[in-house]
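Q:
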Amino acid sequence: MSKIKALILTGYGLNCDNETAYAFEMAGAAASRIHINNLIDGSVCLTDFQILVFGGGFSWGDDHGAGVVQAVRLKTNIGDKLLEFVEQGNLVIGICNGFQTLVNLGLLPGIDNNYCRRAVALTYNDCGNFQDTWVHLKINQKSPCVFTKGLDHLELPVRHGEGKFYADQTVIDQLELNQQIVIRYAWPDGTAAMQKFPFNPNGSLADIAGICDPSGRVFGLMPHPEAFNHPTNHPDWFYIKEICKREKKEPKLPVLTGTCIFENAVNYLKQS
Amino acid sequence: MPHRIEIALKADLFDAKGEGIRQKAKNYFGISCKAVRIINIITIDADLSDAQCELVKDEVFTNPVTQISSLKPLNIDFDWIIWVGYRPGVKDNPGSTAIEAIEDILKIKFTPDEAVYTSKRYCLKGADLTFAEVEQIAGELLANSIIQQWKVIAASDWDLAEGTGFIIPRVLLDHIPTVSSVAVDSDKTLQKISDQRNLALNPDDIPTIRAYFTNPAVIKERALIGLADPTDIELEYISQARSDHCNHNTFQGCFSYRNSDSSQIEVIDSLFKTCIESPTLALKKKKDWVISVLWDNAGIGRFDDDHFYVITGETHNSPSNMEAYGGAITGIVGVYRDPMGTGKGSKLIMGSYGFCVGHKDYKGELRPHLHPRRLLDGVIEGVRDGGNKSGIPTPFGQVVFHPGYMGKCLVYVTALGIMPAQIKGKPSDQKTIFPGDLVIMSGGRVGKDGIHGVTAASETFSEHTPAGHVQIGDPYTQKKMQDFLLEARDQGLIRFITDNGGGGLSSSVGETARFSNGCEIQLEKVPLKYQGLDQWEIWISESQERMTIAISPQNLNTFLSLSEKHAVESTVIGTYTDSGKLKISYQGNICAYIDMDLLKSGFPQWKFEACWQSPSCRGLYEPVLSEPDDYNALLNDILARPNICSKEWITRQYDHEVQGTSVIKPLAGVERDINSDACVLRPVLNSNKGLAFAQAILPAYSAIDAYHMTSCTIDEALRRLIAVGGDPEHVGGVDNFCWPNIRFDSKTNPDGKFKAAQLVRSCRALRDICVRYEIPLLSGKDSMYVDGHLAGKYGERHKISALETLQFSTTGVIADIRKCVTMECKVADDLVYILGITRNELGGSEYYEHFGYTGLNIPKVDADQFSLIYKALFQAISRELVASAHGIYRGGLAVHLAFVAMGGGLGIFADLAKLPARDFLQDNILLFSESAGRFIITIDPANQSAFEALFDGLPCALIGKVNAKADLVIQGKKGRIILSTPVKSLKQAWQRPFKDLL
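First to last, the protein sequences are chains A and B. Just so you know, we're using numbering that gives the first Met the number 0 here: the first sequence kicks off at 0 and counts up by one. Just so you know, we're using numbering that gives the first Met the number 0 here: the second sequence kicks off at 0 and counts up by one.
Spelled out as structure tokens, the structure:
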């Protein structure tokens with residue numbers, strides 16, 4: 000069986016494409032970094048891929064709201080192709096700026112299978128600043144999200160100025176009901192952060208860090224799984240290594256690296 | 000007919016930015032606003048229909064979930080309004096991206112006359128606010144008159160239909176580009192012209208310039224192409240090339256140095272040659288990992304068989320001092336172009352910062368253009384946006400507060416890149432140009448930006464004159480350009496590449512043309528931001544985000560189509576030749592024709608007098624100070640000092656994990672909040688090799704002797720690298736000097752000879768220490784005029800000079816990142832060791848500063864002795880015998896023991912009687928001396944004998960142990976516990992000063 004192919008968007012100020020491609024390769028996919036314009040001019044066909052990745056960065060400088068101009072450009076030029084891609088059972092993941100783009104495109108949350116409606120937003124952090132910090136994440140195992148199957152707890156870095164998840168209460172209730180809330184900011188023990196800074200680093204309503212569409216095949220999250228692609232990325236790695244050494248054990252982190260999210264995607268497609 | 004869109008957050012959403020302004024108004028000026036809400040205004044100066052405007056309003060500029068918007072002014076409650084917009088010609092980055100989005104969605108193209116401008120309307124609530132208070136918030140918090148204009152409107156004057164009105168900051172020059180020629184009949188005339196035109200020609204250079212243009216052979220040649228007297232563009236070219244910024248005349252100068260108590264004069268012919276170039280070349284021979292130094296935009300070292308790393312450092316002081324945000328973002332984005340233009344181009348992998356400013360809470364009478372707290376806010380945000388938006392991690396940085404930086408702040412920015420060792424089978428570090436290669440300018444367009452630097456800052460503004468001398472860097476445009484250039488590089492399209500920084504095209508083309516020995520430039524081809532620039536302005540403009548590239552003509556189409564794909568503008572502006580001439584034309588008329596070798600010929604060397612007065616000669620002495628009783632309170636207070644306390648609020652605003660390479664992060668420890676000694680990256684993702692980076696700045700020691708300031712700074716930067724596991728055999732250095740003016744003038748610079756002597760001594764230390772530590776200087780820069788004139792209480796002006804300051808950066812390759820160590824103690828009952836000798840060296844220390852003293856006994860570096868310790872520690876870390884390692888830096892042993900304990904969340908017991916020390920020293924000296932060359936190490940007791948064996952014969956002593964009970968306990972030499980305090984309270988003291996900013 001040939002490798003699952005992942006397309007990682009590049010260009011216009013996107014910047015996490017290299018490590019995202021690397022993490023997908025680690026997960027067993029064949030990853031291609033493709034410029035947005037190559038997708039628009041048709042020199043690269045979305046239909047040749049099974050995973051579309053909207054990665055992190057500052058597309059168009061994020062000058063008019065994070066991910067807004069990227070969403071406009073894609074919607075205007077290849078909006079129909081994106082919808083087809085989702086309809087055909089492929090996977091889409093948006094990380095940080097990519098998540099912001101997905102919600103501005105309307106591909107998320109996709110409530111009632113409406114993939115064009117902007118129903119949720121990622122707005123300025125309550126702390127008023129860009130924040131780089133590692134967070135604990137509790138995963139909703141009842142969610143249909145294919146990227147988080149079998150996962151319970153993750154630790155990942157967040158790095159954003161506009162990551163506060165915001166929506167009307169009715170929308171949040173609906174997301175909750177549909178199990179579309181995939182990951183939440185949490186205390187180290189896994190209980191909900193309950194808006195407490197810095198565990199919830201941005202003031203997200205309901206501690207929401209990531210959501211999926213009703214099918215579970217479109218997933219967006221603010222934290223960066225691709226930045227945890229090696230054990231030494233973890234802030235406690237040197238401490239854990241020392242403890243393991245005393246116990247004459249190989250160093251082992253208590254959590255999986257972020258690459259597991261991409262492995263789940265690849266495995267899902269291999270099995271489907 | 001312009002259109003306006005006003006956008007604001009829905010009323011029930013928390014306006015975090017507005018709240019930030021409310022808090023600052025309160026904290027900085029004591030002005031109480033009830034609330035601040037921000038309205039973003041998009042002014043579209045283009046021929047759009049109302050329906051088109053509605054469409055872009057809804058589809059692009061309004062988030063339906065969080066925002067409201069209208070083509071008419073929004074009706075939001077306020078007592079005062081402050082409107083802030085840019086001055087004409089100031090880079091409006093959101094305006095540019097708005098055009099892209101509008102063009103995309105409407106499928107239209109803006110004409111050159113059409114544009115989008117962004118501005119903000121701040122709605123302030125507060126019934127008691129006065130006009131003067133609102134003006135203060137506007138002028139001292141929200142807007143800087145150098146780049147922005149503002150209006151304050153009271154509720155009673157507000158017309159909801161009219162709103163703020165339409166203010167279109169469009170540049171209208173209405174000027175026909177003209178070349179003028181300049182008479183050179185006498186030195187005096189030329190000097191006069193130089194002064195009038197702000198050419199800043201050095202008086203000593205004038206005879207050489209005249210000799211060239213009055214040479215009969217030159218006259219004859221020039222007559223053939225229709226030129227006689229030199230043109231303005233020619234003189235501007237010479238002026239740029241001869242400037243201290245481009246030519247480093249100070250470091251190339253001739254110094255006569257003497258001691259005040261001696262008549263013996265030493266002559267130093269070029270500090271650069273004797274103290275930088277010659278030791279570095281000698282070390283390059285010894286170290287095969289040094290790939291390229293001293294000629295390119297940055298230095299190059301070997302990372303592994305397949306990759307090279309690239310490093311350089313810069314400062315951007317004067318512009319940041321005038322407009323902190325714009326100066327700093329231009330600085331960081333600018334330094335990122337250096338590695339991009341090194342070899343055939345490298346990919347950026349990290350940046351770092353060093354900020355030196357006046358005290359944040361300064362309450363004195365001097366009136367700097369920007370208060371230090373505002374200046375610091377601005378530079379922090381500038382480097383944040385410049386780094387984060389470039390997708391480059393910023394995992395290291397430092398801040399130094401000192402009143403000397405009130406005259407001019409320092410903004411150090413350092414950049415590292417990585418590149419494949421070979422491009423299409425050829426070494427990537429090497430590049431050259433062949434006659435016939437095309438001269439290409441890629442990236443941004445050219446405006447009146449940065450022309451003659453900040454001298455233009457004193458000019459008065461009119462409504463439509465561009466205020467472009469202070470720029471705002473555009474990381475978005477540059478990121479697109481970097482993506483493009485790396486792809487072009489990998490396709491083998493780039494023959495030569497360099498950046499456009501100081502001096503603009505004049506420098507980049509002038510310098511690259513030396514490789515082919517000539518060029519012909521057609522200036523009218525250079526894309527402009529707006530019409531009406533004179534030819535000389537196009538030539539020397541410092542407009543940002545531009546690279547100059549040489550390509551072979553056969554690759555032109557491939558190159559341009561790749562450029563188009565990346566939405567980057569690239570333009571052929573001329574051809575490289577081997578004519579020996581720099582030839583510039585504008586619409587067919589030749590406006591410059593100069594011999595390429597003119598700049599190499601016969602310009603006189605700058606001369607400086609340097610007179611050293613030893614510290615004791617200057618009356619410095621050791622204070623008479625008895626031992627304190629209350630060490631607990633003392634340590635708490637020292638931890639809270641501005642130069643020691645936590646600055647986590649800055650670190651967290653910088654993305655230090657993008658690219659997924661982070662190994663040792665800027666903040667370490669169980670609560671991830673204590674500063675690491677150095678950062679470590681894994682720049683090649685599929686390799687376990689790492690690159691470590693650190694830097695140090697210790698200006699306080701310059702108050703005693705810049706020689707030892709320099710050696711201590713280098714030692715600290717090296718020790719930081721060793722502490723994380725760096726290999727002393729592979730350490731590259733970057734020197735960044737920031738010095739006050741060293742040219743003596745009895746009236747304007749009476750201590751110039753002393754400052755010159757400090758520079759000579761500093762350079763000698765650089766040479767001595769780097770040779771002994773075997774640190775080749777991979778790159779370096781100097782900024783020589785760190786002085787300012789500040790208005791005082793009575794209208795008098797004070798000259799404020801900064802302390803002589805060196806930032807020294809170190810980098811080195813880590814063989815296996817998994818063997819690195821972090822600084823925090825890790826396990827209770829581990830043994831605590833001190834490496835290195837503590838001496839009576841409190842001169843210039845944080846401890847003395849706390850009491851208002853300078854002192855005399857400055858720390859000294861014994862590089863040969865220290866090297867033995869560093870090599871042994873490297874062995875210990877490589878053999879994984881060490882649980883934690885941390886250098887003892889500013890603040891001394893007490894402060895750094897506290898850090899190690901705070902990081903681990905554990906206690907430490909230390910017995911000062913066991914400390915390796917020179918002579919019998921009292922406890923306060925042992926605790927706060929800043930002797931160089933020392934570390935705090937914790938180890939697993941099981942490793943005791945193996946660890947101690949490595950340090951046989953070296954100063955290494957077991958002084959205590961790590962405790963589960965989290966108290967720092969120090970036993971004095973007389974056997975009494977002199978300090979015992981919960982680590983938690985120490986940490987609170989350390990975090991308290993800036994905690995609210997997080």
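Here a beta-carbon is modelled for each residue, glycine too, at the ideal position from N, C-alpha and C. Quick caveat, the model's predicted, so the values are computed rather than measured.
Kindly indicate which three-state DSSP category residue 532 of chain B falls into: helix, strand or coil?
A: Position 533 of the second sequence, counting from 1, holds the residue named residue 532 of chain B. It is coil, neither helix nor strand.
Q: Note down, in chain order, every chain A residue with its Cβ under 8 Å from the Cβ of residue 104 of chain B.
A: The residue given as residue 104 of chain B occupies position 105 in the second sequence. Neighbours of residue 104 of chain B on chain A, chain order: 71, 75.
Q: Count the other CB atoms within 10 Å of the CB of residue 394 of chain B; is the residue buried (16 or more) or exposed (fewer)?
A: Residue mapping note: residue 394 of chain B aligns to position 395 of the second sequence, counting from 1. So residue 394 of chain B counts as buried.
Q: Could you give the distance in angstroms between the alpha-carbon of residue 616 of chain B and the alpha-carbon of residue 841 of chain B?
A: As a working mapping, residue 616 of chain B is identified with position 617 in the second sequence. As a working mapping, residue 841 of chain B is identified with position 842 in the second sequence. Taking the straight line from one Cα to the other gives about 19 Å.
Q: Who are the Cβ neighbours of residue 302 of chain A in its own chain at under 7 Å, not counting the five residues just before and after it?
A: Any answer about residue 302 of chain A is impossible in this case: the structure gives chain A only from 0 up to 271.
Q: Give a yes or no on contact between the segment 773 to 791 of chain B and the segment 277 to 288 of chain B, applying the rule of three or more CB pairs nearer than 8 Å.
A: Touching, per the Cβ criterion.
Q: Provide the residue(s) that pair with residue 678 of chain B in DSSP beta bridges, ordered along the chain.
A: In the second sequence, the residue the question calls residue 678 of chain B occupies position 679. DSSP output for residue 678 of chain B lists B:692 as bridge partner(s).
Q: Chain B partners of residue 46 of chain A, CB-CB under 8 Å?
A: Here residue 46 of chain A is taken as the residue at index 47 of the first sequence, counted from 1. Within chain B, no residue comes near residue 46 of chain A; the closest Cβ sits about 21 Å away, beyond 8 Å.
Q: Chain A partners of residue 655 of chain B, CB-CB under 7 Å?
A: As a position in the second sequence, residue 655 of chain B is number 656, starting the count at 1. Near residue 655 of chain B (Cβ distances below 7 Å), the residues of chain A are 131.
Q: Would you say residue 813 of chain B and residue 885 of chain B are within 8 Å of each other, going by their C-beta atoms?
A: Residue mapping note: residue 813 of chain B aligns to position 814 of the second sequence, counting from 1. Residue mapping note: residue 885 of chain B aligns to position 886 of the second sequence, counting from 1. Taking 8 Å as the Cβ cut-off, residue 813 of chain B and residue 885 of chain B do not qualify as a contacting pair.
Q: Among the residues of its own chain, which have a CB less than 8 Å from the CB of residue 707 of chain B, if the five just before and after it don't count?
A: On the second sequence, residue 707 of chain B is found 708 positions in, with the first residue counted as 1. So the qualifying residues of the chain are 700, 764, 857, 858, 859, 860.
Q: Taking 8 Å as the threshold, find out whether the segment 327 to 341 of chain B comes into contact with the segment 607 to 622 of chain B through three or more Cβ pairs.
A: Counting Cβ pairs under 8 Å, fewer than three are found: no touch.
Q: Using only the alpha-carbon positions, how far apart do residue 61 of chain B and residue 268 of chain A sit?
A: By 1-based counting over the second sequence, the position of residue 61 of chain B is 62. By 1-based counting over the first sequence, the position of residue 268 of chain A is 269. Going from the Cα of residue 61 of chain B to the Cα of residue 268 of chain A covers about 37 Å.
Q: Taking Cβ positions only, does residue 52 of chain B come closer than 8 Å to chain A?
A: Within the second sequence, numbered from 1, the residue matching residue 52 of chain B stands at position 53. No, its Cβ sits nowhere closer than 8 Å to a Cβ of chain A.
Q: Please list the residues of the segment 59 to 71 of chain B that have a C-beta atom closer than 7 Å to any C-beta atom in chain A, keeping them in chain order.
A: So the list reads 59, 60, 62, 63, 64, 65, given in the order they occur along the chain.
Q: What residues from the segment 667 to 695 of chain B come within 8 Å of chain A, judged by C-beta to C-beta, listed N to C?
A: Within the segment 667 to 695 of chain B, the qualifying residues are 667, 669, 671, 681, 684, 685.
Q: In angstroms, rounded to a whole number, what distance separates the CA positions of residue 242 of chain A and residue 152 of chain A?
A: Mapped onto the first sequence, residue 242 of chain A falls at position 243. Mapped onto the first sequence, residue 152 of chain A falls at position 153. For residue 242 of chain A and residue 152 of chain A, the distance between alpha carbons rounds to 22 Å.
Q: What residues from the segment 711 to 730 of chain B come within 9 Å of chain A, judged by C-beta to C-beta, listed N to C?
A: From the segment 711 to 730 of chain B, no residue has a Cβ closer than 9 Å to chain A.
Q: Near residue 17 of chain B, which residues of its chain fall below 6 Å by C-beta distance, leaving aside the five closest residues on each side in sequence?
A: To locate residue 17 of chain B, count along the second sequence from 1; it is residue 18. Answer for residue 17 of chain B: 35, 36, 37, listed in chain order.
Q: Given that a residue counts as buried once 16 or more other Cβ atoms are within 10 Å of its Cβ, and exposed if not, what is residue 95 of chain A?
A: In the first sequence, the residue the question calls residue 95 of chain A occupies position 96. With 16 or more Cβ atoms within 10 Å of its Cβ, residue 95 of chain A is classed as buried.
Q: Identify the contact partners of residue 234 of chain A in chain B, using a Cβ-Cβ distance below 7 Å as the criterion.
A: Against the first sequence, residue 234 of chain A aligns to sequence position 235. Correct list: 664, 671.
Q: Give the interface partners of residue 324 of chain B over in chain A, defined as CB-CB distance under 9 Å, in chain order.
A: Counted from its first residue, the second sequence places residue 324 of chain B at position 325. Those do not exist, as residue 324 of chain B stays about 14 Å from chain A at its closest Cβ, beyond 9 Å.
Q: Please work out which residues of its chain come closer than 8 Å, Cβ to Cβ, to residue 550 of chain B, disregarding the five sequence neighbours upstream and downstream, and give them in chain order.
A: Position 551 of the second sequence, counting from 1, holds the residue named residue 550 of chain B. Correct list, in chain order: 436, 437, 439, 492, 493, 494, 558.
Q: Quick check on this structure: which residue in B:532, B:635, B:537 has the alpha carbon closest to the alpha carbon of residue 520 of chain B?
A: Residue 520 of chain B sits at position 521 when you count from the first residue of the second sequence. With distances taken between Cα atoms, residue 520 of chain B lies closest to B:537.
Q: Just checking my contact of residue 353 of chain B with residue 649 of chain B at CB under 8 Å: how many whole Å lie between their CB atoms?
A: Position 354 of the second sequence, counting from 1, holds the residue named residue 353 of chain B. Position 650 of the second sequence, counting from 1, holds the residue named residue 649 of chain B. About 12 Å separates the two Cβ atoms, so there is no contact after all.
Q: Going along the segment 227 to 251 of chain A in order, which residues come within less than 9 Å of chain B, judged by CB to CB distance?
A: Listed by position, the residues of the segment 227 to 251 of chain A near chain B (Cβ gap below 9 Å) are 227, 228, 229, 230, 231, 232, 234, 235, 236, 237, 238, 240, 241, 242, 244, 245, 250.
Q: Quick check: the segment 829 to 839 of chain B against the segment 797 to 810 of chain B, are at least 3 beta-carbon pairs closer than 8 Å?
A: The segment 797 to 810 of chain B is not in contact with the segment 829 to 839 of chain B.
Q: With a cut-off of 8 Å, does the C-beta of residue 267 of chain A fall near any C-beta of chain B?
A: Here residue 267 of chain A refers to the residue found at position 268 when the first sequence is read from its first residue. No, because no Cβ of chain B sits closer than 8 Å to the Cβ of residue 267 of chain A.
Q: Quick one: Cα of residue 455 of chain B to Cα of residue 115 of chain B, how far?
A: For the purposes of this step, residue 455 of chain B is identified with residue 456 of the second sequence, where counting begins at 1. For the purposes of this step, residue 115 of chain B is identified with residue 116 of the second sequence, where counting begins at 1. For residue 455 of chain B, the predicted model reports a pLDDT of 41, less than 50, meaning its position is unreliable and no value from the coordinates is stated.
Q: Where does residue 744 of chain B fall in DSSP's three states?
A: For the purposes of this step, residue 744 of chain B is identified with residue 745 of the second sequence, where counting begins at 1. In the structure shown, residue 744 of chain B sits in a strand (DSSP, three-state: E or B).
Q: Return no unless some Cβ of chain A is closer than 8 Å to the Cβ of residue 819 of chain B.
A: Within the second sequence, residue 819 of chain B is the residue found at index 820, counting from 1. Output row for residue 819 of chain B: interface = yes.
Q: So with Cβ pairs under 8 Å, would you call residue 96 of chain B a contact of chain A?
A: Taking the second sequence and counting its residues from 1, the one referred to as residue 96 of chain B is at position 97. Chain A, which has a Cβ nearer than 8 Å to the Cβ of residue 96 of chain B, makes this yes.
Q: How would you label residue 788 of chain B, buried or exposed, when you count the other beta carbons within 10 angstroms and need 16 or more for buried?
A: Start at 1 with the first residue of the second sequence, and residue 788 of chain B comes out as number 789. That one is exposed.
Q: Along chain B, in chain order, which residues have C-beta atoms closer than 9 Å to that of residue 68 of chain A?
A: Position 69 of the first sequence holds residue 68 of chain A. Within 9 Å Cβ-Cβ: 59, 96, 97, 99, 100, 103.
Q: Give, in chain order, every unbroken run of the alpha helix (DSSP H) that is at least 4 residues long and sits entirely within the segment 880 to 935 of chain B.
A: Here the runs fully enclosed are 891 to 903, 922 to 927.
Q: Does any residue of chain B bring its CB to less than 8 Å from the CB of residue 260 of chain A?
A: The count along the first sequence starts at 1 and reaches residue 260 of chain A at position 261. So no, residue 260 of chain A is outside the interface.
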